[in-house]
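> Using our numbering, read the sequence shown as starting at 26 and increasing by one per residue. The C-beta atom is built at its ideal place from N, Cα and C for all residues, glycine as well. What follows is a single structure, and I will ask about it in a moment.
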Amino acid sequence: MNIAIYLRKSRSDPEDESMEETLSRHKKTLLKFAKTNSLTILKIYEEVVSGDGLFVRPEMVKLMSDIEQDKYDGVLCMDIDRLGRVDTKDRGIILDTFKSHNTKIITPRKIYNLNDELDEFSTEIQMLFARQELKKITQRLKQGVRRTLEDGYHVGEPPYGYRRIYVDKRPTLQIHEEEAEVVRKIFDMYVNQHIGSYLIAEHLNLMGYRTRANKPFSRNSIRFLLQNPTYIGKIVWNKRQHIKKKSPTDKHRSKLNPQAEWIVSDGVHQPIIDVDTFNKAQKIRTTRSHPPSFNGTIKNPFAGIIRCANCGQLMSRQTSKKTGPRLLCVNNNCNKSVTIDKVEAAVYEQLKTYLHQFNLQVQTETKPDTEPVKKDISVIKKQLVTLNKQKDSLHDLLEQGVYTIDTFIKRGEILTNNIEKVQKALKEKELQLDKTNKSVLAEKIIPTLTELVTNYDTMLPNEKNLLMKEIIEAIYYHREKISKQNDFEVRIVFKQWI
Ligand SMILES: [Zn+2]
């Protein structure tokens with residue numbers, strides 16, 4: 026990672042220390058941090074004026090313009106306040122520049138990635154307030170939200186059937202009659218007419234109803250609606266848990282907490298469903314078997330493997346008294362469902378054919394010699410070690426005062442360039458080895474495939490699942506809208522190395 030260091034004295038530093046002393050102390054700390062974390066320093070910005078505003082800090086202005094040229098992956102500083110406890114406008118400019126050029130703020134405590142929403146929030150807040158103040162504020166905020174909920178008001182997106190209104194300046198829900206009628210219909214079909222959530226969704230879609238997002242109803246949206254206590258006038262929170270993003274391009278995701286962890290209080294809004302009907306629905310829901318509620322044993326040998334060829338989604342297993350367990354696409358009407366045993370038979374036949382093919386392939390193949398490439402790789406790896414050692418010693422030479430900052434950066438640049446070149450060469454060689462190995466790798470799949478094919482009849486679904494997952498990337502399933510029971514296609518995609 027290529028970084029710059031930004032140094033600046035701030036109010037939190039000891040008063041009796043001179044600016045030079047402070048900066049050199051910080052420089053030492055940050056250089057050490059860079060070394061242990063293998064950060065490549067391209068430049069050091071030392072702010073020697075003590076103004077707070079952006080435009081009285083010449084080094085910050087230079088840093089900003091360098092960030093705009095995408096020179097760095099990150100900027101290392103003592104703590105986030107160093108960038109500026111400044112007026113709102115300057116703070117905005119600085120953060121925006123970091124964000125739009127995907128440049129991280131690195132402090133010895135933490136790396137801030139401004140393209141991660143949560144980090145952005147904490148960074149902004151940290152720059153506005155001292156740490157203790159921040160603690161108090163988030164606590165007060167949480168308490169405020171909690172009190173609003175406990176008092177029966179509604180925070181967040183109103184569920185289907187309701188719209189948001191404000192009473193005494195606090196948010197609550199008002200019944201949206203048209204949607205509420207649909208909610209009553211759903212509960213009635215489920216509780217009184219004993220219709221399952223899949224058919225309810227199909228029925229509603231046929232009648233032309235759509236969700237709030239103007240999408241067709243799905244089995245899942247019906248099931249989710251059926252268990253929402255908001256409809257009997259309750260307020261529920263702690264229902265979902267946010268999942269931290271792993272990369273800035275990840276979508277915001279959350280997962281449902283177990284129902285036991287939900288907190289429920291009496292709402293000030295009007296109910297749409299009576300308690301009796303709601304409780305009956307819960308009873309039906311918990312006694313029926315619903316595939317996504319996972320109890321630890323896999324009943325579906327294709328769990329996590331079989332996908333709908335139309336939309337690419339994983340297909341799920343659903344019990345059916347009439348036909349035995351079926352596989353269906355989670356999107357209604359996307360792909361015709363099928364019984365699992367039929368798919369198993371079709372997949373089994375294909376696996377057998379593949380096994381035969383692979384065996385033939387291996388027998389007729391002459392194995393290429395991989396030794397020379399392997400030798401090259403080990404030589405390159407040794408070079409890399411040497412170069413990295415040289416880079417490490419640069420820091421020591423700087424610390425010992427042998428190198429000036431300028432020499433340190435120049436030498437560092439040359440070494441970094443060399444390292445990059447060598448790494449590239451290594452990658453190429455490894456790719457080459459991978460290619461020559463590829464045909465050999467067919468051998469890797471054969472033992473697992475043999476085990477699967479010979480013992481298939483006697484294996485439990487979870488055992489089949491384990492073996493398939495070892496070698497199969499996905500199985501794509503497609504069936505025409507109008508088709509006979511056995512008229513469907515499955516396409517097996519093996520893991521990359523085939
Ligand atoms: Zn589909």
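1. For the beta strand (DSSP E) holding P196, just list the boundary residues, first then last.
2. Return the residue from the list N140, M484, V300, I190 that minimises the CA-CA distance to K124.
3. When the Cα atoms are used, what is the spatial distance from K506 to N360?
4. Specify whether the stretch 324–333 and the stretch 292–305 touch according to this definition: at least 3 beta carbon pairs, one from each stretch, less than 8 Å apart.
5. Report the residue from K194, S49, I30, I28 whose alpha carbon sits nearest the alpha carbon of D38.
6. Excluding sequence positions up to five away, which residues of its chain have a Cβ less than 7 Å from the Cβ of E476?
7. Please list, in chain order, all residues of the same chain as I220 whose beta carbon is under 8 Å from its beta carbon, the five residues on each side excluded.
8. Tell me which residues share the same chain as I288 and place their Cβ nearer than 6 Å to its Cβ, disregarding the 5 neighbours each side in the sequence.
9. Report the option in E45, S246, K240, Q295 whose CA atom is closest to the CA atom of I260.
10. Can you tell me which of the three DSSP states D176 falls into?
11. From the DSSP output, read off the bridge partner residues of W287.
12. Considering only residues of the same chain and omitting the five flanking positions on each side of M44, which have a CB-CB separation below 6 Å?
13. Pick out whichever of Y234, L224, C102 has its Cα sitting closest to the Cα of N245.
14. Following the continuous alpha helix (DSSP H) through Y373, name the residue where it begins and the one where it ends.
15. Using 7 Å as the cut-off, classify the Cβ of Q307 as near or not near the heavy atoms of ligand 1, replying yes or no.
16. Give me the residue from K52, V86, D91 with the minimum Cα distance to N27.
17. Ligand 1 heavy atoms versus the CB of N360: any closer than 7 Å?
18. Let me check understanding here. Comparing Cα to Cα, which of T473, E424, V398 lies closest to C451?
19. Please go through the same chain and pick out, in chain order, the residues whose beta-carbon is closer than 8 Å to the beta-carbon of D41, but skip the five residues on each side of it.
20. Thinking C-beta only, is A370 closer than 8 Å to V515?
21. With which residues is Q343 paired in a DSSP beta bridge?
22. Specify, as a first and last residue, the run of the alpha helix (DSSP H) that F519 falls within.
23. Are Y185 and R107 touching if we call contact CB-CB under 8 Å?
24. Would you report the Cα separation of T173 and L456, rounded to the nearest angstrom?
25. Going by DSSP in three states, K280 sits in which element: helix, strand or coil?
26. With H, G and I counted as helix, E and B as strand and the rest as coil, what does DSSP make of G437?
27. Around the Cβ of Q510, are there at least 16 other Cβ atoms within 10 angstroms (buried) or fewer (exposed)?
28. Could you name the residues of the same chain whose beta carbon sits closer than 6 Å to that of K68, not counting the 5 residues immediately before and after it, in chain order?
29. Is there at least one non-hydrogen atom of ligand 1 closer than 7 Å to the beta-carbon of G338?
30. Nearest CA to the CA of D394: which residue from D459, N253, Y379?
31. Is the stretch 435–454 touching the stretch 348–357 in the sense that three or more CB pairs, one from each, lie closer than 8 Å?
32. How long is the line joining the alpha carbons of Y379 and K240, rounded to whole angstroms?
33. When you compare each of K53, K129, V192 to M89 by their alpha carbons, which one comes out closest?
34. Hey, out of N62, K53, Y373, whose CA is closest to L423's CA?
35. Examine ligand 1 and report whether any of its heavy atoms sits within less than 7 Å of the Cβ of N357.
36. For ligand 1, is there a heavy atom less than 7 Å away from the beta-carbon of N230?
Working from what's here:
1. Residue range 195–200 is occupied by the beta strand (DSSP E) that includes P196.
2. Among N140, M484, V300, I190, the Cα nearest to that of K124 is on N140.
3. Distance between the alpha carbons of K506 and N360 is about 7 Å.
4. Taking a contact to require three or more Cβ pairs closer than 8 Å, the stretch 324–333 and the stretch 292–305 do not qualify as touching.
5. Relative to D38, the option among K194, S49, I30, I28 whose CA is nearest is S49.
6. L492, listed in sequence order.
7. Only M214, H228 meet the Cβ criterion.
8. Around I288: W262, N263.
9. Comparing alpha carbon positions, the residue from E45, S246, K240, Q295 closest to I260 is Q295.
10. Note: D176 maps to coil in three-state DSSP.
11. The secondary-structure analysis by DSSP pairs W287 with nothing; it has no beta-bridge partner.
12. Taken in chain order, the residues that qualify are K34.
13. That would be L224, whose Cα lies nearest to the Cα of N245.
14. In the DSSP assignment, Y373 falls within the unbroken alpha helix (DSSP H) covering 365–389.
15. No, Cβ of Q307 sits at least 7 Å from all heavy atoms of ligand 1.
16. If we check each option's Cα against that of N27, D91 comes out closest.
17. True, at least one ligand heavy atom lies under 7 Å from that Cβ.
18. Reading off the sequence, residue 451 comes out as Leu, not Cys. When T473, E424, V398 are compared, the shortest CA-CA separation from L451 is found for V398.
19. Correct list: empty, nothing qualifies.
20. Not closer than 8 Å, so no.
21. Per DSSP, R351.
22. No alpha helix (DSSP H) holds F519; the beta strand (DSSP E) holding it covers 514–519.
23. No, Cβ-Cβ distance for Y185 and R107 is not below 8 Å.
24. Approximately 59 Å, taken between the alpha carbons.
25. DSSP places K280 in strand when its eight states are reduced to three.
26. Helix.
27. Here Q510 is exposed: its Cβ has fewer than 16 other Cβ atoms, across all protein chains shown, within 10 Å.
28. Sequence-distant partners of K68 (beyond 5 residues in either direction) whose C-beta falls short of 6 Å from its own C-beta, in its chain, are A29.
29. Per the sequence shown, residue 338 should be read as Gln rather than Gly. Relative to ligand 1, the nearest heavy atom lies less than 7 Å away from the CB of Q338.
30. Nearest of D459, N253, Y379 to D394, Cα basis: D459.
31. With the rule of 3 Cβ pairs closer than 8 Å, the stretch 348–357 does not count as touching the stretch 435–454.
32. Whole-angstrom Cα-Cα distance: 41 Å.
33. Of all alpha-carbon atoms in K53, K129, V192, the one lying nearest the alpha-carbon of M89 is that of K129.
34. Here the closest residue by C-alpha is K53.
35. No heavy atom of ligand 1 is found nearer than 7 Å to the CB of N357.
36. The answer is no for N230.
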